[in-house]
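Trainee:
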Amino acid sequence: MRLLEVENLRTSFFTPAGEVKAVDGVSFSLDHGKVLGIVGESGSGKSVTAYSILQILTQPGRIVGGSVRFRGKELVGAPESEIRAIRGNKISIIFQDPMTSLTPVYTIENQLVEAISLHTDRNKRQSRDRALEMLQLVGINDPEKRLKQYAHELSGGMRQRVMIAMALACEPDILIADEPTTALDVTIQAQILELMDRLQKQLGMAIIMITHDLGVIANLCDEVIVMYAGRAAERGIAREIFYNPKHEYTKGLLRSIPNIENDEKEQLVPISGTPVDLLNLPGGCAFAPRCDHAMKICLREHPREISVAQYHLSSCWRNVEEGIRTGMLETDETGEPIRIREAIPAEGGRTL
Amino acid sequence: MSAKFTGYLLRRFGMALLTIFLVIVITFATMHAIPASPFSSEKAKSDATIAALEAKYGFDKPLPVQFLNYIKGIARFDFGLSTAWVGSTVFGLIRNGFSYSAIIGLCAAVLALLLGLVLGSVSALNRGGIIDQVIQVITIALVSMPSFVLATLFLLFFGLRLKWFPTLGTQPGGLFLPILSLALYPMAYTTRLQRSSMLDVLGQDFIRTARAKGLHWYKVVFKHALKCALIPIVTYAGPMMANILVGSMVVENIFSVPGLGRLFVNSMLRTDYMIIMGITIFLAILIVLMNFLCDILYKVIDPRIQLS
Amino acid sequence: MIQPTTSDAGRPKNLLSLQIDLPDFTLATDEEKAQQIQTRPSVSFMKDAMRRLGRNKLAMLCLFVILLFALIAFITPYFYPYTYSKQDVTASYMRPFQYSQKEIARIENGQSVFPHIMGTDALGRDYAIRVIYGTRISLMVGIFSALIVIIIGILYGSISGYFGGRVDLIMMRIVDIIYALPDVLIVILLSVAIKDMVSMSKNALILRLGPGMISIFLVFGLLYWVGMARQVRGQVLSIKEQEYVLASRAIGAKASRIIRKHMIPNCVSVIIIVAAMQIPSAIFTESFLSFLGLGVSMPMPSLGSLAADARNGLVSYPYLLFFPATSIFLVVLSFNLLGNGLRDAFDPKLRS
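Protein sequences appear in the order of chains A, B and C.
Read in order, the letters of the first sequence correspond to residues 11 to 362 in this note's numbering.
Read in order, the letters of the second sequence correspond to residues 4 to 311 in this note's numbering.
Read in order, the letters of the third sequence correspond to residues -9 to 342 in this note's numbering.
1) Just to make sure I have the definition right: I need the residues of chain C whose C-beta is within less than 7 Å of the C-beta of ILE290 of chain B. Which are they?
2) What whole-angstrom Cβ distance do THR173 of chain B and ARG301 of chain C have, given they're in contact under 8 Å?
3) Against chain A, does PRO13 of chain C count as a neighbour if the rule is that its beta carbon must be under 9 Å from one of theirs?
4) Give the range of the beta strand (DSSP E) segment to which PHE24 of chain A is assigned.
5) Which value, in whole angstroms, describes the spacing of the CA atoms of THR130 of chain A and ASP139 of chain A?
6) Closer than 9 Å, CB to CB, is GLY176 of chain B near chain C or not?
7) In this structure, does DSSP put TYR83 of chain C in helix, strand or coil?
8) Is the segment 216 to 231 of chain C touching the segment 309 to 325 of chain C in the sense that three or more CB pairs, one from each, lie closer than 8 Å?
9) Can you tell me where the beta strand (DSSP E) with ALA32 of chain A in it begins and where it stops?
10) Could you tell me which of A:THR21, A:ALA200 and A:ARG81 sits nearest to GLY53 of chain A, measuring between CA atoms?
11) Give the residues of chain C in contact with MET271 of chain B, contact being defined as C-beta atoms less than 7 Å apart.
12) Do the CB positions of ALA298 of chain C and PHE151 of chain B come within less than 9 Å of each other?
13) Please compile the residues from chain B whose C-beta is within a distance smaller than 8 Å of the C-beta of PHE274 of chain C.
14) Closer than 8 Å to a non-hydrogen atom of the ligand GTP - does that hold for the CB of MET215 of chain A?
15) Can you give the Cα-Cα distance for LEU77 of chain A and THR117 of chain A, rounded to whole angstroms?
16) Have a look at A:ILE267, A:LEU14, A:SER324 and A:GLY28 and flag the residue whose alpha-carbon is nearest the alpha-carbon of LEU289 of chain A.
17) For ILE66 of chain A, does the count of other Cβ atoms within 10 angstroms reach 16, so buried, or fall short, so exposed?
18) Mind the definition here: the segment 101 to 117 of chain C touches the segment 194 to 208 of chain C only if three or more C-beta pairs lie below 8 Å; say whether that holds.
19) Between GLY124 of chain C and ALA272 of chain C, which are expected to be in contact by the criterion C-beta below 8 Å, what is the C-beta distance as a whole number of angstroms?
20) Any beta carbon of chain A sitting closer than 9 Å to that of PHE24 of chain B?
21) Starting from MET219 of chain A and walking both ways along the beta strand (DSSP E), at which residues does that stretch end?
22) Which residues bound the beta strand (DSSP E) around THR341 of chain A?
23) By the 10 Å Cβ neighbour count, where 16 or more other Cβ atoms means buried, how is VAL237 of chain B classified, buried or exposed?
24) Output yes or no for whether 9 Å exceeds the beta carbon distance between LEU19 of chain A and VAL30 of chain A.
25) Decide if the segment 281 to 296 of chain B is in contact with the segment 179 to 191 of chain B; the criterion is three or more beta carbon pairs, one per stretch, under 8 Å apart.
26) Determine the chain C residues that contact LEU309 of chain A at a beta-carbon separation under 9 Å, and present them in chain order.
27) Which residues in chain B have a C-beta closer than 8 Å to the C-beta of LEU112 of chain A? List them in chain order.
28) Please report whether the beta-carbon of CYS301 of chain A lies at a distance below 9 Å from any beta-carbon of chain C.
29) Can you check DSSP and say which residues form a bridge with THR110 of chain C?
30) Taking three-plus beta-carbon pairs below 8 Å as touching, is the segment 167 to 183 of chain C in contact with the segment 241 to 253 of chain C?
31) Do you know offhand how far LEU304 of chain C's Cα is from TYR83 of chain C's?
32) Quick one: which chain C residues come within Cβ less than 9 Å of THR77 of chain B?
33) Helix, strand or coil for ILE251 of chain A, going by three-state DSSP, please let me know.
34) Compare the Cα-Cα distances from ILE119 of chain C to each of C:SER277, C:PHE59 and C:ALA49 and report the closest residue.
35) With DSSP as the reference, label THR361 of chain A as helix, strand or coil.
36) Would you decide whether ILE210 of chain B is buried or exposed? Buried here means 16 or more other CB atoms lie within 10 Å of its CB.
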């Protein structure tokens, strides 16, 4: 049984201007102790995917389809009380902006103890001891003093450490980190990532790391999902995504980050165009209008996700075209493309 | 209490005293700018009598001296003598009237705040729902209705037509209608304020954190959201008291409550400037002190405020 | 176990039969790509706000009601057959559309008599025209008070915010002090004083305005603008930091030009919102003073004094209360709802 299975998850925001399909059919699964990275630009649906797992969406957003299974148990449609028992206990989350993610009118102690006593049998004293222990674990000096302080009295990095301490206090199986370093200074970013890496190894929980920073993904993650306009453009093990990208968007992303080891003359190529307007999604592949290799079919039909290599799935018509050209494309009985031959079948192997 | 907080308290108190002083100056200057003597309107008085009266009240002295004496008096709760009700001190009359006005004002304020908080929160939590819409319609109607119109309507319907409540404030239960007509406007205002404040807070990141912890929604709302949402309400409480105290002036007249408002209107009719000054300054002191208390409370609730 | 996610139906069936030279797999042209992106036309903030306001049916209805009231209040007196001051003791306390005996006699003589739409008051004055005059006073008080607040508030706030530093410090200290004064009390006090002066005055305008109006305009000019000044100052302070203002200053633009060209257009939302909130409070204050007998001079009616007079004979003639009460209610309600609409339309923070 997988730790977490997300299947064809669809979440929409019903705004006065129309339905915004923030997440439109995302699937993945996560095993114990693994780190899954979700990358994509703003509005690609990364955070909404995370909030959908925990069902902490805000109005007017709601899950419209698909399933989320935690240890085989379906969460979509489950009673609120069951979800609550999982939130902060089995699956925890830390947010992008530690400045605003702690309640300003209560002390750190109050908020930490609240989280701990909610899911454990610890009494107030024991909860406080646990809070102290957690603050030490996340590398906060003088934890006794910090407990008595308010969020605004701490620095950004410190607040994010508190958030991590709070998220890990109940020893969750999964930690979702929603752009945990975006709002922080660069030096602090590195510290927080290092801390998360250390804690992951120490405590062995699985992590879903949501970020727009490919560098973060490369260092930490076992598997990667690249999202664009609410869908997974490409997903697979990190090595495949970085060294053998099979989607034009991923390729574009990789071309746009500097690399010291590369030839100095290499130019950074930005992805042209503007991010999609989710209210007016183009028909076909959402990335096509910005894609240099877009074909006529890309503008008309959404590409089907096919297996392009071992542990590597991609939704790009270019793969189909290449498969047809080289004769390596396999289809099912109705003629739908499924995989590029040579790619090891998903069955039994490690998949996402 | 830190030294910083004590410093803030002192500074804020100094500001309050300055404001009160300014009000006294403005009141004094305005009242003495009126050309007529409070005694000249009354007939059958010789010039000699008027002069004697002015000497008795100290009106014959130069203005700065009068002002100094007046300020000194106020420090001892001595607002001078009434010119219309001979033999009464202004403070004595104010004290009698205030015993009514205080009850009305306090009840109205408590009623307005409690109902407003509850209705505003309910409205915010049911955003867009039928309850929310009903509350929204009722409150926008109530904030568009002057309290004297409401009071007169209540007097007509509940007092004179249906006879559910007495129409005179001095009768038992007679304060109910004045309190209700005074409370409804601030209640509706508080409701609207609390609704928008609550919605604002509910949209913030820390609410998401609280939900992600696995807290029950009532804990999220009543512990995390409510305390933050209360902050704007506290800042409104001061002006609200002022609104109620001043609104009380007309409502007391409508329901014949022998409070400060009625005293004020009667003093106007009998051109007793001493009482008009006294009531203005007395109410101003109350309002300024109320604002002072609200400011302090505000700082206590919201730890983020820098005490600079 | 996990199949590639299925996507849209309706794609060509047997892909194996496709040839790479099929038109579907040829590169799309830029025009074709551009067609996919439906850009929403960019409109200026003012236009956008006006459009949003126009779409708010309730706000437009309120605007219509206000304009209708204004039209009636300012035009009717020119052709209405009755005046607000003409008394006829034989026609006192007539119900709406009731005729006095004199008038019945005239009708029997074949003369046409204009009906008393709202009846008459205790002194036999036509009530409809009195209510119309009262409404006119309310509207004038509301509009002129808002104008006073706008003019002084903008001047004070923009100067304070623009120059900043010590000027700002002193100017804002003054604002703080004025802000702390109990304004309604001072209005009442001034009205009391001015009432006595007015009664001795020979100036026609002053006599017409009455103590209530004069003291309201005075107090709005002296005290009520501070809220506006604070808001404008805050706005100016934040705009001042913007690059385009810096650029403007760098090419030597004068202070007056920067205030005119950059500050004021950017402050428009705040100004509109604050001014709209000011109008109901001014109308309330005037009616309150009139109710206390401190408003317009007799025999000029005001909605407040009409309501006060209606208390005599309240049980027998409740319509004397209903008409002015309904009028003030509708006017203030319309201004309140229009104010809400303006806030929704002009407050960019509320845009979602």
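Backbone N, C-alpha and C define an ideal beta-carbon position, used for all residues, glycine too.
Mentor: Quick look at the numbers:
1) The residue you call residue 290 of chain B lines up with position 287 of the second sequence. The contacting residues are PRO172.
2) The sequence position of residue 173 of chain B within the second sequence is 170, counting from 1. The sequence position of residue 301 of chain C within the third sequence is 311, counting from 1. The pair is not a contact, with the Cβ atoms about 18 Å apart (cut-off 8 Å).
3) To locate residue 13 of chain C, count along the third sequence from 1; it is residue 23. Yes, PRO13 of chain C lies at the interface with chain A (some Cβ there is under 9 Å from its Cβ).
4) On the first sequence, residue 24 of chain A is found 14 positions in, with the first residue counted as 1. Bounds of the beta strand (DSSP E) holding PHE24 of chain A are 14 to 25.
5) Against the first sequence, residue 130 of chain A aligns to sequence position 120. Against the first sequence, residue 139 of chain A aligns to sequence position 129. Each residue's Cα considered, the two are about 13 Å apart.
6) On the second sequence, position 173 is the one that residue 176 of chain B refers to. Against chain C, the CB of GLY176 of chain B has no partner CB under 9 Å away; the residue lies outside that interface.
7) Working through the third sequence from its first residue, we reach residue 83 of chain C at position 93. Coil.
8) Contact fails: fewer than three Cβ-Cβ distances are below 8 Å.
9) Walking along the first sequence from the start, residue 32 of chain A turns up at place 22. Residue range 28 to 40 is occupied by the beta strand (DSSP E) that includes ALA32 of chain A.
10) Your numbering for residue 53 of chain A matches position 43 in the first sequence. It is A:THR21 whose Cα lies nearest to the Cα of GLY53 of chain A.
11) Residue mapping note: residue 271 of chain B aligns to position 268 of the second sequence, counting from 1. Near MET271 of chain B (Cβ distances below 7 Å), the residues of chain C are VAL182.
12) The residue given as residue 298 of chain C occupies position 308 in the third sequence. The residue given as residue 151 of chain B occupies position 148 in the second sequence. Note that the C-beta distance between ALA298 of chain C and PHE151 of chain B is below 9 Å.
13) Position 284 of the third sequence holds residue 274 of chain C. Chain order gives the chain B residues near PHE274 of chain C as PRO149, where near means a beta carbon separation below 8 Å.
14) The ligand content of the structure shown is nil, which means the ligand GTP is not present either.
15) Taking the first residue of the first sequence as 1, we reach residue 77 of chain A at position 67. Taking the first residue of the first sequence as 1, we reach residue 117 of chain A at position 107. The amino acid at residue 77 of chain A is misidentified as Leu; the sequence shows Ser. Looking at the two C-alpha atoms, the distance is approximately 37 Å.
16) Counting from 1 along the first sequence, the entry for residue 289 of chain A is found at position 279. Looking only at A:ILE267, A:LEU14, A:SER324 and A:GLY28, the smallest Cα-Cα distance to LEU289 of chain A is reached by A:GLY28.
17) Position 56 of the first sequence holds residue 66 of chain A. ILE66 of chain A should be labelled buried.
18) In short, these stretches do not touch, since the Cβ pair count stays below three.
19) Along the third sequence, read from residue 1 onward, the residue named residue 124 of chain C stands at position 134. Along the third sequence, read from residue 1 onward, the residue named residue 272 of chain C stands at position 282. Actually they do not touch by this definition, with Cβ atoms about 15 Å apart.
20) Taking the first residue of the second sequence as 1, we reach residue 24 of chain B at position 21. Output row for PHE24 of chain B: interface = no.
21) Taking the first sequence and counting its residues from 1, one reaches residue 219 of chain A at position 209. Looking at the DSSP string, the run of the beta strand (DSSP E) that includes MET219 of chain A is 216 to 221.
22) As a position in the first sequence, residue 341 of chain A is number 331, starting the count at 1. Note, THR341 of chain A: beta strand (DSSP E), 339 to 341.
23) Start at 1 with the first residue of the second sequence, and residue 237 of chain B comes out as number 234. It counts as buried.
24) In the first sequence, counting from the first residue as 1, residue 19 of chain A sits at position 9. In the first sequence, counting from the first residue as 1, residue 30 of chain A sits at position 20. No. Outside cutoff.
25) Between the segment 281 to 296 of chain B and the segment 179 to 191 of chain B, the count of C-beta pairs closer than 8 Å stays below three; the two stretches do not touch.
26) Reading the first sequence from its first residue, position 299 is the one you call residue 309 of chain A. Per Cβ cutoff of 9 Å: ALA18, GLU22, LYS23, GLN25 and GLN26.
27) In the first sequence, counting from the first residue as 1, residue 112 of chain A sits at position 102. Ordered by position in chain B, the residues that pass the 8 Å Cβ test against LEU112 of chain A are PHE209 and THR212.
28) Position 291 of the first sequence, counting from 1, holds the residue named residue 301 of chain A. Contacts with chain C at 9 Å (Cβ-Cβ) include CYS301 of chain A.
29) Taking the third sequence and counting its residues from 1, one reaches residue 110 of chain C at position 120. In the DSSP output, where bridge partners are listed per residue, THR110 of chain C has C:ASP116.
30) Judged by pairs of C-beta atoms under 8 Å, the segment 167 to 183 of chain C does not touch the segment 241 to 253 of chain C, as fewer than three such pairs exist.
31) Taking the third sequence and counting its residues from 1, one reaches residue 304 of chain C at position 314. Taking the third sequence and counting its residues from 1, one reaches residue 83 of chain C at position 93. Between the alpha carbons of LEU304 of chain C and TYR83 of chain C lies a distance of about 11 Å.
32) One-based indexing of the second sequence puts residue 77 of chain B at position 74. Strictly speaking, residue 77 of chain B in this sequence is Ile, with Thr absent from that position. Neighbours of ILE77 of chain B on chain C: none; closest Cβ ~16 Å, over 9 Å.
33) Within the first sequence, the letter at position 241 stands for residue 251 of chain A. Looking at ILE251 of chain A - three-state DSSP - the assignment turns out to be helix.
34) Taking the third sequence and counting its residues from 1, one reaches residue 119 of chain C at position 129. Taking only the C-alpha atoms, the option nearest ILE119 of chain C is C:PHE59.
35) The residue given as residue 361 of chain A occupies position 351 in the first sequence. Residue placement at THR361 of chain A cannot be trusted, given a pLDDT of 45 that sits under 50; the coordinates are not used to answer.
36) By one-based count along the second sequence, residue 210 of chain B stands at place 207. Burial state of ILE210 of chain B is buried, judged by a 10 Å Cβ sphere holding 16 or more other Cβ atoms.
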